[in-house]
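**Student:** In the UniProt record's numbering, the protein residues as written are 1 to 207.
We treat Cβ as the ideally placed atom computed from N, Cα and C, and that holds for glycine.
No experiment lies behind these values; they were computed from the predicted model shown.
Submitted below is the structure of interest, expressed as C-alpha coordinates.
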(Lines of atoms letter the chains of each structure in order from A and count residues from 1; the text may use other names and numbers.)
(Lines give C-alpha, C1' and ligand atoms only; values in the text may rest on other atoms or scores of the structure.)
Protein backbone atom coordinates (compact mmCIF):
# COMPACT_ATOMS: atom_id res chain seq x y z
CA UNK A 1 0.00 0.00 0.00
CA UNK A 2 1.33 3.45 -0.91
CA UNK A 3 2.13 5.75 2.00
CA UNK A 4 1.59 8.87 -0.12
CA UNK A 5 0.15 11.56 2.22
CA UNK A 6 -2.45 12.40 -0.43
CA UNK A 7 -3.64 8.79 -0.44
CA UNK A 8 -3.94 8.83 3.35
CA UNK A 9 -5.90 12.08 3.18
CA UNK A 10 -8.33 10.78 0.55
CA UNK A 11 -8.67 7.48 2.44
CA UNK A 12 -9.55 9.45 5.58
CA UNK A 13 -12.07 11.62 3.72
CA UNK A 14 -13.56 8.50 2.13
CA UNK A 15 -14.08 7.02 5.60
CA UNK A 16 -15.69 10.24 6.83
CA UNK A 17 -18.05 10.16 3.87
CA UNK A 18 -18.90 6.52 4.58
CA UNK A 19 -19.48 7.30 8.27
CA UNK A 20 -21.91 10.08 7.34
CA UNK A 21 -23.73 7.79 4.91
CA UNK A 22 -23.91 5.02 7.51
CA UNK A 23 -25.16 7.48 10.13
CA UNK A 24 -28.02 8.53 7.85
CA UNK A 25 -28.81 4.90 6.99
CA UNK A 26 -28.86 4.01 10.69
CA UNK A 27 -31.28 6.82 11.55
CA UNK A 28 -33.54 6.06 8.59
CA UNK A 29 -33.76 2.31 9.32
CA UNK A 30 -34.36 3.02 13.02
CA UNK A 31 -37.52 5.06 12.41
CA UNK A 32 -39.72 2.11 13.45
CA UNK A 33 -38.09 2.05 16.91
CA UNK A 34 -38.21 -1.75 17.21
CA UNK A 35 -35.75 -2.04 14.27
CA UNK A 36 -33.05 -0.08 16.09
CA UNK A 37 -31.29 -3.30 17.10
CA UNK A 38 -30.88 -4.53 13.54
CA UNK A 39 -29.76 -1.03 12.56
CA UNK A 40 -27.18 -0.95 15.36
CA UNK A 41 -25.81 -4.35 14.30
CA UNK A 42 -25.59 -3.22 10.67
CA UNK A 43 -23.86 0.03 11.64
CA UNK A 44 -21.39 -1.84 13.87
CA UNK A 45 -20.58 -4.41 11.16
CA UNK A 46 -20.02 -1.79 8.44
CA UNK A 47 -17.90 0.51 10.58
CA UNK A 48 -15.79 -2.46 11.66
CA UNK A 49 -15.10 -3.18 7.98
CA UNK A 50 -14.17 0.44 7.26
CA UNK A 51 -11.86 0.74 10.27
CA UNK A 52 -10.09 -2.45 9.18
CA UNK A 53 -9.76 -1.00 5.64
CA UNK A 54 -11.50 -4.07 4.25
CA UNK A 55 -13.10 -3.84 0.83
CA UNK A 56 -16.71 -2.85 1.36
CA UNK A 57 -19.70 -1.27 -0.32
CA UNK A 58 -21.66 0.72 2.21
CA UNK A 59 -25.22 0.13 1.00
CA UNK A 60 -24.83 -3.57 0.19
CA UNK A 61 -22.95 -4.38 3.39
CA UNK A 62 -25.44 -2.45 5.50
CA UNK A 63 -28.41 -4.15 3.84
CA UNK A 64 -26.82 -7.59 4.26
CA UNK A 65 -25.99 -7.06 7.96
CA UNK A 66 -29.43 -5.55 8.64
CA UNK A 67 -31.25 -8.52 7.10
CA UNK A 68 -29.07 -11.19 8.74
CA UNK A 69 -29.52 -9.67 12.22
CA UNK A 70 -33.12 -8.53 11.86
CA UNK A 71 -35.00 -11.26 13.76
CA UNK A 72 -32.65 -11.80 16.74
CA UNK A 73 -31.73 -8.11 17.04
CA UNK A 74 -35.39 -7.07 16.93
CA UNK A 75 -36.15 -9.51 19.76
CA UNK A 76 -33.32 -7.96 21.76
CA UNK A 77 -34.57 -4.45 20.91
CA UNK A 78 -38.02 -5.21 22.29
CA UNK A 79 -36.49 -6.48 25.55
CA UNK A 80 -34.44 -3.29 25.94
CA UNK A 81 -37.28 -0.96 24.96
CA UNK A 82 -39.33 -2.51 27.76
CA UNK A 83 -36.31 -2.35 30.09
CA UNK A 84 -35.85 1.38 29.43
CA UNK A 85 -39.56 2.06 29.88
CA UNK A 86 -39.32 0.36 33.28
CA UNK A 87 -36.16 2.35 34.03
CA UNK A 88 -37.99 5.59 33.22
CA UNK A 89 -40.85 4.84 35.61
CA UNK A 90 -38.44 3.51 38.23
CA UNK A 91 -36.43 6.75 37.95
CA UNK A 92 -39.58 8.84 38.39
CA UNK A 93 -40.58 6.82 41.43
CA UNK A 94 -37.13 6.83 43.05
CA UNK A 95 -36.93 10.64 42.67
CA UNK A 96 -39.70 11.00 45.26
CA UNK A 97 -38.43 8.15 47.47
CA UNK A 98 -34.72 8.96 47.46
CA UNK A 99 -34.53 8.46 51.23
CA UNK A 100 -35.35 4.75 50.84
CA UNK A 101 -31.83 3.30 50.86
CA UNK A 102 -32.81 -0.26 49.89
CA UNK A 103 -34.91 0.97 46.98
CA UNK A 104 -32.05 3.22 45.86
CA UNK A 105 -29.63 0.26 45.84
CA UNK A 106 -32.08 -1.80 43.78
CA UNK A 107 -32.45 1.11 41.35
CA UNK A 108 -28.69 1.48 40.93
CA UNK A 109 -28.30 -2.26 40.32
CA UNK A 110 -31.06 -2.21 37.71
CA UNK A 111 -29.60 0.91 36.08
CA UNK A 112 -26.17 -0.73 35.90
CA UNK A 113 -27.54 -3.96 34.38
CA UNK A 114 -29.45 -2.11 31.66
CA UNK A 115 -26.95 0.65 30.86
CA UNK A 116 -23.88 -1.63 30.92
CA UNK A 117 -25.29 -4.61 29.04
CA UNK A 118 -26.73 -2.56 26.16
CA UNK A 119 -23.21 -1.34 25.37
CA UNK A 120 -22.22 -4.89 24.39
CA UNK A 121 -25.44 -6.57 23.34
CA UNK A 122 -25.59 -5.42 19.72
CA UNK A 123 -21.83 -5.72 19.09
CA UNK A 124 -22.10 -9.31 20.41
CA UNK A 125 -25.10 -9.98 18.19
CA UNK A 126 -23.22 -8.57 15.17
CA UNK A 127 -20.13 -10.68 15.93
CA UNK A 128 -21.35 -14.03 17.27
CA UNK A 129 -24.20 -16.45 16.56
CA UNK A 130 -26.30 -17.20 19.63
CA UNK A 131 -29.81 -17.07 21.07
CA UNK A 132 -31.05 -13.55 21.97
CA UNK A 133 -31.35 -14.30 25.70
CA UNK A 134 -27.85 -15.79 25.72
CA UNK A 135 -26.55 -12.68 23.96
CA UNK A 136 -28.18 -10.47 26.61
CA UNK A 137 -26.74 -12.55 29.45
CA UNK A 138 -23.28 -12.58 27.86
CA UNK A 139 -23.47 -8.82 27.31
CA UNK A 140 -23.90 -8.19 31.03
CA UNK A 141 -21.18 -10.64 32.08
CA UNK A 142 -18.82 -9.18 29.47
CA UNK A 143 -19.46 -5.69 30.83
CA UNK A 144 -18.40 -6.84 34.30
CA UNK A 145 -15.45 -8.92 33.10
CA UNK A 146 -13.99 -5.99 31.17
CA UNK A 147 -15.00 -3.22 33.56
CA UNK A 148 -12.32 -0.64 32.58
CA UNK A 149 -13.34 -0.99 28.91
CA UNK A 150 -16.99 -0.81 29.93
CA UNK A 151 -16.40 2.46 31.76
CA UNK A 152 -14.58 3.87 28.72
CA UNK A 153 -17.42 2.73 26.47
CA UNK A 154 -19.94 4.15 28.94
CA UNK A 155 -18.32 7.59 28.71
CA UNK A 156 -17.97 7.49 24.91
CA UNK A 157 -21.64 6.54 24.52
CA UNK A 158 -23.48 8.41 27.24
CA UNK A 159 -21.43 11.60 27.66
CA UNK A 160 -22.47 13.03 24.25
CA UNK A 161 -26.10 12.21 25.11
CA UNK A 162 -25.79 13.96 28.49
CA UNK A 163 -24.24 17.03 26.83
CA UNK A 164 -27.10 17.08 24.32
CA UNK A 165 -29.63 16.88 27.15
CA UNK A 166 -27.99 19.43 29.48
CA UNK A 167 -27.15 22.12 26.93
CA UNK A 168 -30.27 22.87 24.86
CA UNK A 169 -28.73 26.23 23.92
CA UNK A 170 -26.41 24.39 21.51
CA UNK A 171 -29.28 22.33 20.09
CA UNK A 172 -28.52 23.20 16.47
CA UNK A 173 -24.96 21.94 16.85
CA UNK A 174 -25.89 18.74 18.69
CA UNK A 175 -28.79 18.08 16.31
CA UNK A 176 -26.46 18.32 13.30
CA UNK A 177 -23.88 16.18 15.13
CA UNK A 178 -26.34 13.32 15.72
CA UNK A 179 -27.94 13.58 12.28
CA UNK A 180 -24.70 13.43 10.33
CA UNK A 181 -22.03 11.58 12.29
CA UNK A 182 -22.70 11.22 16.03
CA UNK A 183 -23.99 7.63 15.91
CA UNK A 184 -21.09 6.58 13.69
CA UNK A 185 -18.52 8.11 16.06
CA UNK A 186 -20.07 6.31 19.05
CA UNK A 187 -20.05 3.07 17.07
CA UNK A 188 -16.44 3.66 16.01
CA UNK A 189 -15.47 3.89 19.70
CA UNK A 190 -17.52 0.75 20.35
CA UNK A 191 -15.73 -1.18 17.59
CA UNK A 192 -12.27 -0.21 18.87
CA UNK A 193 -13.08 -1.06 22.50
CA UNK A 194 -15.11 -4.24 21.96
CA UNK A 195 -12.48 -5.58 19.56
CA UNK A 196 -10.17 -5.92 22.57
CA UNK A 197 -12.90 -7.31 24.83
CA UNK A 198 -14.02 -9.91 22.27
CA UNK A 199 -10.51 -11.08 21.37
CA UNK A 200 -10.49 -13.92 23.91
CA UNK A 201 -13.94 -15.11 22.78
CA UNK A 202 -12.91 -15.11 19.12
CA UNK A 203 -9.70 -17.02 19.93
CA UNK A 204 -11.53 -19.69 21.95
CA UNK A 205 -14.28 -20.12 19.34
CA UNK A 206 -11.73 -20.60 16.55
CA UNK A 207 -9.92 -23.41 18.38
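1) Let me know if residue 10 comes out buried or exposed under the rule of 16 or more other beta-carbons within 10 Å of its beta-carbon.
2) Note the first and the last residue of the continuous alpha helix (DSSP H) segment covering residue 35.
3) DSSP state of residue 28, grouped into three classes?
4) Quick check on residue 66: does DSSP put it in helix, strand or coil?
5) Going by the CB atoms, is the gap between residue 110 and residue 142 shorter than 9 Å?
6) If you drop the 5 nearest sequence neighbours on each side, which residues of the same chain put their C-beta closer than 7 Å to that of residue 140?
7) Could you please give the first and the last residue of the uninterrupted alpha helix (DSSP H) stretch that includes residue 123?
8) Who are the near neighbours of residue 209 in its chain, counting only those whose CB is closer than 7 Å to its CB and skipping five residues on each side?
9) DSSP state of residue 23, grouped into three classes?
10) Check whether the stretch 85-95 touches the stretch 42-54, taking contact to mean three or more Cβ pairs, one atom from each stretch, closer than 8 Å.
11) For the stretch 188-199 against the stretch 30-39, do three or more pairs of beta-carbon atoms, one drawn from each stretch, fall closer than 8 Å, so that the two count as touching?
12) Specify the secondary structure class of residue 179 as computed by DSSP and reduced to three states.
13) Which of the three DSSP states is assigned to residue 211 in this structure?
14) If contacts are defined as beta-carbon pairs under 8 Å, then residue 181 and residue 19 qualify, I think. What distance do you get, rounded to the angstrom?
15) Spatial neighbours of residue 25 within its chain, please: C-beta separation below 7 Å, excluding the five flanking residues on both sides.
16) Is it buried or exposed, residue 125, if we count other Cβ atoms within 10 angstroms and call 16 or more buried?
17) Under a three-way DSSP split, which group does residue 139 fall into?
18) By the DSSP assignment, the alpha helix (DSSP H) with residue 57 in it spans what residues?
19) Distance check for residue 8 and residue 1, CA to CA, integer angstroms please.
20) Could you give the first and the last residue of the continuous alpha helix (DSSP H) run that contains residue 148?
**Tutor:** So, from the listed chains and residues:
1) If you number the chain shown from 1, residue 10 lands on position 10. Exposed is the call here.
2) On the chain shown, residue 35 is found 35 positions in, with the first residue counted as 1. Where residue 35 is concerned, there is no enclosing alpha helix (DSSP H), given that its DSSP letter is neither H nor E.
3) Position 28 of the chain shown, counted from the start, is the residue given in the question as residue 28. Looking at residue 28 - three-state DSSP - the assignment turns out to be helix.
4) As a position in the chain shown, residue 66 is number 66, starting the count at 1. Here residue 66 sits in helix by DSSP.
5) Counted from its first residue, the chain shown places residue 142 at position 142. Counted from its first residue, the chain shown places residue 110 at position 110. No.
6) As a working mapping, residue 140 is identified with position 140 in the chain shown. Excluding residues within five positions, the ones whose Cβ falls inside 7 Å are 113, 116 and 117.
7) In the chain shown, residue 123 corresponds to position 123, counting from 1. Per DSSP, residue 123 belongs to the alpha helix (DSSP H) from 101-127.
8) Beyond the ends of the chain as shown, which are 1 and 207, falls residue 209; an answer cannot be given.
9) Counting from 1 along the chain shown, the entry for residue 23 is found at position 23. Helix, per DSSP.
10) no
11) no
12) For the purposes of this step, residue 179 is taken as residue 179 along the chain shown, with counting starting at 1. Three-state result, residue 179: helix.
13) This structure leaves residue 211 out entirely; the chain is present only between 1 and 207.
14) Position 181 of the chain shown, counted from the start, is the residue given in the question as residue 181. Position 19 of the chain shown, counted from the start, is the residue given in the question as residue 19. Sure, about 6 Å apart at Cβ, within 8 Å.
15) Counting from one through the chain shown, the residue named residue 25 turns up at place 25. Only 62 meet the Cβ criterion.
16) Position 125 of the chain shown holds residue 125. It counts as buried.
17) Here residue 139 corresponds to residue number 139 of the chain shown, with the count starting at 1. It is helical.
18) Counting from 1 along the chain shown, the entry for residue 57 is found at position 57. That residue, residue 57, is in no alpha helix (DSSP H); it is neither H nor E in DSSP.
19) By 1-based counting over the chain shown, the position of residue 1 is 1. By 1-based counting over the chain shown, the position of residue 8 is 8. Its pLDDT being 43, under 50, residue 1 is placed unreliably by the model, and the measurement read from it follows with that caveat. Between residue 1 and residue 8, the C-alpha separation is close to 10 Å.
20) Reading the chain shown from its first residue, position 148 is the one you call residue 148. Its alpha helix (DSSP H) spans residues 147-166.
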